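Heads up: take any position in the sequence shown, counting from 1, add 118, and you land on the working numbering. Where a beta carbon is used, it is the ideal one built from N, C-alpha and C, also for glycine. All figures in this text were calculated on a predicted structure; none of them were measured in a lab.
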Amino acid sequence: SGVMIARGALWNPSIFSREPPSFEEMVRSYVRSAVATNSTYQNTKWVLSQMLAGGTGVTVPTSFNGINMKTFNRELSATKSMAHMCTAFGEPFEPTYPNRAHTTVFYKDFPFPEEDPQERSRLSAGDAEI
119 SGVMIARGAL WNPSIFSREP PSFEEMVRSY VRSAVATNST YQNTKWVLSQ
169 MLAGGTGVTV PTSFNGINMK TFNRELSATK SMAHMCTAFG EPFEPTYPNR
219 AHTTVFYKDF PFPEEDPQER SRLSAGDAEI
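Structural data, given as structure tokens:
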């Protein structure tokens, strides 16, 4: 039953809301959250395509932002950046994000702190005592 709830929540994230927002506001809220959390545009695009397709028990509007849903879905599938996606959904996108933000390669060259080999051996020895 967990899978059933997950699918329902994917198609309609406001499923547990006492006073659910409109479909358009719910989708826009997801876009704002995705931008704020540095979600990749590829993942955001996939989730939005699932939300806009609907599912069992979810009635999707015939238009979004005043555009026929089929046309809007084609426009969404053509997006290649988070900025372009925000434009499609009428949400602001601040150009102050770092280079490659909202992409799958953002953390590729991220400078993680060096690990101390002595600390690693001390921790491993401590694990053996437990």
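Per DSSP, F182 forms a beta bridge with which residues? I185
Am I right that R136 and E209 are in contact with their C-beta atoms under 8 Å? What's the rounded C-beta distance? Rounded, the Cβ-Cβ distance is 25 Å, inconsistent with contact.
Find the nearest neighbour of T197 within the set M144, S167, P138 and S151, judged by alpha-carbon distance. Out of M144, S167, P138 and S151, the CA that lies nearest to the CA of T197 is found in S167.
Which residue from F211, N217, F224 and D227 puts its Cα closest to that of V153? F211
Quick check on DSSP: helix, strand or coil for E193? In the structure shown, E193 sits in a helix (DSSP, three-state: H, G or I).
Taking the alpha-carbon positions, what's the S181 to E232 distance? In this model, S181 and E232 are separated by some 51 Å (Cα to Cα).
Contact under 8 Å by Cβ, T158 with T205: Contact: no.
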